[in-house]
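Peer 1: All letters in the sequence shown, in the order written, are residues 15 to 397 by this note's numbering. Beta carbons are placed, not taken as given, at the ideal position from N, Cα and C, and that holds for glycine.
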Amino acid sequence: MLQQVSWVAMIGWSEAGAGGEAGQNRNRAMAGSGRDRGRSNEAFAGTGSSPYFAAPSRMPSAPKTKTRTPVIDEASTWRAVGASWRQLFGDFRKLGVSFEWHDFKASAPVDWARSFHPESVELCLNLAGVGEVGAAGHVERFAAGTAGFYRQGTVPLVATRFPGDEAHQFITVEFSPAFLARHLGDGVVDLDPLIRRAVDGSDGASGVSAVVPLNSRQREFIGSLRQPPVLASAQTLWYSAKAIELIGEFFFRPTSPGELFCHRQQRVARDRVEAVRSILRRNLSETPALERIAREVGCSPFYLSRTFSKETGQTIPQYLRQLRLDKAAELLRTGRFNVTEVALEVGYNSLSHFSQAFHQAFGCCPGLYPTATATQRAAGAEG
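#1: Can you tell me where the alpha helix (DSSP H) with T186 in it begins and where it stops?
#2: Measuring CB atoms only, is the segment 198–209 touching the segment 143–162, in the sense that at least three cross pairs come out at less than 8 Å?
#3: Quick check on I209: buried or exposed, where buried means 16 or more other Cβ atoms within 10 Å of its Cβ?
#4: How is H152 classed by DSSP in three states: helix, strand or coil?
#5: Count the other CB atoms, across all protein chains shown, that sit within 10 Å of the CB of A122; report buried if there are 16 or more and exposed otherwise.
#6: Check whether the segment 175–185 touches the segment 129–148, taking contact to mean three or more Cβ pairs, one atom from each stretch, closer than 8 Å.
#7: Restricting to Cα atoms, I'd like to know which of A161, R107 and R93 is closest to R128.
#8: Quick one: grab the DSSP three-state call for Y7.
#9: What does a CB cutoff of less than 8 Å around S314 pick up in its chain, not counting 5 residues either side in sequence?
#10: Measure how close the beta-carbons of F113 and F106 come, nearest whole angstrom, since I'm counting them as under 8 Å.
#11: Straight-line CA distance for T335 to T354?
#12: In whole angstroms, what separates the C-alpha of T250 from that of R240?
#13: From this set, T385, S366 and R267, which residue's C-alpha is nearest V203's C-alpha?
#14: Under the rule that 16 or more other beta-carbon atoms within 10 Å means buried, what is L365, buried or exposed?
#15: Give a yes or no on whether the C-beta atoms belonging to G162 and V225 are separated by under 8 Å.
#16: According to DSSP, what are the bridge partners of S112?
#17: Tell me the residue span of the beta strand (DSSP E) that contains V172.
#18: For a test of the three-state rule: what should DSSP assign to L382, helix, strand or coil?
#19: Taking the beta carbon of R296 as the centre, do at least 16 other beta carbons fall within 10 Å, making it buried, or is it exposed?
#20: At the level of alpha carbons, what is the spacing between R278 and R231?
#21: Just verifying my parser: in three-state terms, what is the DSSP assignment at E6?
#22: Taking DSSP's pairing of strands, which residues face V12 in a bridge?
#23: Distance check for R175 and H131, CA to CA, integer angstroms please.
#24: According to the Cβ coordinates, are L337 and L298 closer than 8 Å?
#25: Taking DSSP as the reference, what is the three-state secondary structure of T160?
#26: Considering only C-alpha positions, which residue in the set E259, E325 and Y383 is nearest to R347?
#27: Excluding sequence positions up to five away, which residues of its chain have a Cβ less than 6 Å from the Cβ of I293?
#28: Using DSSP with H/G/I as helix, E/B as strand and the rest coil, what is F368?
#29: Going by beta carbon distance, what residues of the same chain come within less than 8 Å of S319, once the five residues before and after it are set aside?
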């Protein structure tokens, strides 16, 4: 833009100050003899508010060129500080969304903002390490186990990753305004104001959201982003769905007090259920008593049992049984363990009880499971 203004300024000076009558003659020739054509040229004369465009002659202004958005090479940016960076999926410029994994140790402060794409909204799922992002005097601190988002607008954000003994490990998901608009549109309510401004383009200001702690469910979600549980041919569909899920998870804010209270209660219930699931998964062979689990998640055993059943449609014992049998099937498929070893590994002390439960779930006895076909398993389970 500066080059454009300077170029036009030089032309205006040469015509007005040095060209004199010759410049006016050239303008008359350009205007042509027809009145309409003369009017058309007047529309292109330098009549803008800038003094550079105030030349008395009717020189046409320089053709307007579209400002090109700077291209950010994130791989080079992170490689310059010795960081391990890997794009998990996407392309910000082509698809409007990009999932990226970062893993590095910082011996000195790192300019994190160098990796932010202009006109982007970036969600940071921060597993480890500490960083800060600031805009217009407002700064948010990303501690380990937190998440938040920020928008790179007309004024660049200021962001730093701090040195420390702990490695920095985080996933960023970058969204273009076009991608957000395509999936949100004008009729969506309760969007965070920062996201709304990015979607409708009403304000180009940069900004940063409040940082929130990650719960156990969100941590497991982040783990799946690094290792998608689907075939490579299905990952485009899978990651696209996850991008929309993250929008729904982080970019909305309830507006009414009643809705805010209900949303908070639902979130607390979901967090407790996910905490129970995590405890059970970690302790398949020696499951703690319900009272101990309830203490860990911060509520009474009765309330926890009722909440878990309401959220999942299963009792805690039913869910634990499902976890154990799914894990047993996974171990048997490897072919490295016999039935007795698998039964003990998943918490069954009685081989007969294990075999009976396994047959009910998978339609065949555990000893035959590795060689049984999917059709045989389904037929046996239905029978």
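Peer 2: This is what the structure gives:
#1: Element bounds for T186: not the alpha helix (DSSP H) but the beta strand (DSSP E), H182 to F189.
#2: In this structure the segment 198–209 does not lie against the segment 143–162, because fewer than three pairs of beta carbons, one per stretch, are closer than 8 Å.
#3: I209 is buried by the Cβ-count criterion.
#4: Note: H152 maps to strand in three-state DSSP.
#5: So A122 ends up on the exposed side.
#6: The answer is yes - the segment 129–148 touches the segment 175–185, with three or more Cβ pairs under 8 Å.
#7: The shortest C-alpha separation from R128 is found at R93.
#8: Since the first residue shown for the chain is 15 and the last is 397, residue 7 is missing from the structure and cannot be characterised.
#9: Answer for S314: A308, listed in chain order.
#10: With a beta-carbon spacing of about 10 Å, F113 and F106 fall beyond the 8 Å limit used to define contacts.
#11: Here residue 335 turns out to be Arg, not Thr, going by the sequence shown. Each residue's Cα considered, the two are about 17 Å apart.
#12: Between T250 and R240, the alpha-carbon positions lie close to 14 Å from each other.
#13: Nearest C-alpha to V203: R267.
#14: With a 10 Å radius around the Cβ and a threshold of 16 neighbouring Cβ atoms, L365 comes out exposed.
#15: Taking 8 Å as the Cβ cut-off, G162 and V225 qualify as a contacting pair.
#16: G104 and E188.
#17: Note, V172: beta strand (DSSP E), V172 to R175.
#18: DSSP places L382 in the coil class of the three-state scheme, outside both helix and strand.
#19: Counting every other CB atom within 10 Å of its CB across the protein chains shown gives R296 a total below 16, marking it as exposed.
#20: So the alpha carbons of these two residues sit roughly 16 Å apart.
#21: The question about residue 6 has no answer, for the chain in this structure spans 15 to 397.
#22: In the structure as shown, the chain begins at 15 and stops at 397. Residue 12 is therefore absent and cannot be evaluated.
#23: Each residue's alpha carbon lies about 17 Å from the other.
#24: A contact, by the Cβ cut-off of 8 Å.
#25: The three-state secondary structure of T160, taken from DSSP, is strand.
#26: Check the Cα spacing between R347 and each of E259, E325 and Y383: the tightest is with Y383.
#27: Within the same chain, I293 has close Cβ partners I307.
#28: F368 falls in the helix class under three-state DSSP.
#29: Contacts found: L304, T329 and I330.
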